[in-house]
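Numbering (the UniProt record's numbering), first residue to last: 1 to 218.
Cβ atoms here follow ideal geometry from the backbone N, Cα and C, with glycine treated the same way.
Quantities reported herein were computed from a predicted structural model and do not represent experimental measurements.
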């Protein structure tokens, strides 16, 4: 799909008021552990005192960096999805469905270890093909990819970035789900071009964050 970069840059806003790295990565998102299945309450991200919790991007990058095998995937999956679902019980319910899928941890690890090595396209291809998990589409497996990889640095080429419906809307795409590998590649290339022309001093996750922010606007 074609992307009108000039139009998107205008939507991103004035470069001088772009969010900083700390603002993006330390912004807390709240969630409620009790929204998640009782069978998962033993996981570190859900166990402990009841009540509202919070996670930020830095927390999720740390979990991704610490992951070393399939045994780490269940807690990582719930943490990333709790961050994405926020306080919505319905979103948590929907995102809990993959937890019942057989060999979930093995499929996630097989795809996400490629993201951990910085291979965004390899991870995307694996999780949308050979290691696809039922009920888990690109909007959330790209989040898993993003946080399994190291935090983006200025100058990184095609690091795993989040692609969801709001990012797609900011890009001017009518298709807001089930993007192909070619479409994900086009998004990564567009993000690099946008950074170069908008704020070349910032890493690509700031571009993604701002796309998400403007994608929420009518």
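Check the C-beta distance from residue i over to residue j and give it rounded, since I have them as a contact under 8 Å.
i, j, result
"residue 109", "residue 73", "5 Å"
"residue 123", "residue 112", "6 Å"
"residue 138", "residue 91", "At roughly 16 Å, the Cβ-Cβ gap does not stay under 8 Å, so residue 138 and residue 91 are not in contact."
Over the uninterrupted beta strand (DSSP E) stretch that includes residue i, give me the two end residues.
i, result
"residue 208", "From DSSP, residue 208 is part of no beta strand (DSSP E) but of the alpha helix (DSSP H) over 204 to 215."
"residue 55", "53 to 55"
"residue 30", "29 to 31"
Select from the options the residue whose C-alpha is nearest the C-alpha of residue i.
i, options, result
"residue 153", "173, 2 and 20", "20"
"residue 140", "203, 34, 2 and 161", "161"
"residue 97", "50, 1 and 37", "37"
"residue 107", "94, 95 and 77", "77"
"residue 27", "86, 45, 65 and 34", "86"
"residue 104", "132, 93, 50 and 125", "132"
"residue 169", "205, 217, 151 and 143", "217"
"residue 182", "173, 61 and 125", "125"
"residue 101", "134, 94 and 121", "134"
"residue 88", "34, 45 and 212", "34"
"residue 93", "67, 192 and 39", "39"
Using a C-beta cutoff of 8 Å, does residue i count as contacting chain B?
i, result
"residue 186", "Considering every chain present, this structure includes no chain B. It has just one protein chain."
Determine, using beta carbons only, whether residue i and residue j come nearer to each other than 8 Å.
i, j, result
"residue 171", "residue 190", "yes"
"residue 127", "residue 12", "no"
"residue 3", "residue 186", "yes"
"residue 7", "residue 32", "no"
"residue 203", "residue 156", "yes"
"residue 70", "residue 198", "no"
"residue 64", "residue 147", "yes"
"residue 29", "residue 58", "no"
"residue 24", "residue 206", "yes"
"residue 61", "residue 159", "no"
"residue 75", "residue 43", "yes"
"residue 66", "residue 210", "no"
"residue 175", "residue 1", "yes"
Could you pull the start and end residues of the alpha helix (DSSP H) that residue i belongs to?
i, result
"residue 71", "That residue, residue 71, is in no alpha helix (DSSP H); it is neither H nor E in DSSP."
"residue 198", "181 to 198"
"residue 138", "138 to 148"
"residue 41", "Premise fails: residue 41 is in no alpha helix (DSSP H) and is neither H nor E."
"residue 8", "5 to 12"
With a cut-off of 8 Å, do at least 3 Cβ pairs link the region 68 to 84 to the region 117 to 130?
The answer is no - the region 117 to 130 does not touch the region 68 to 84, with fewer than three Cβ pairs under 8 Å.
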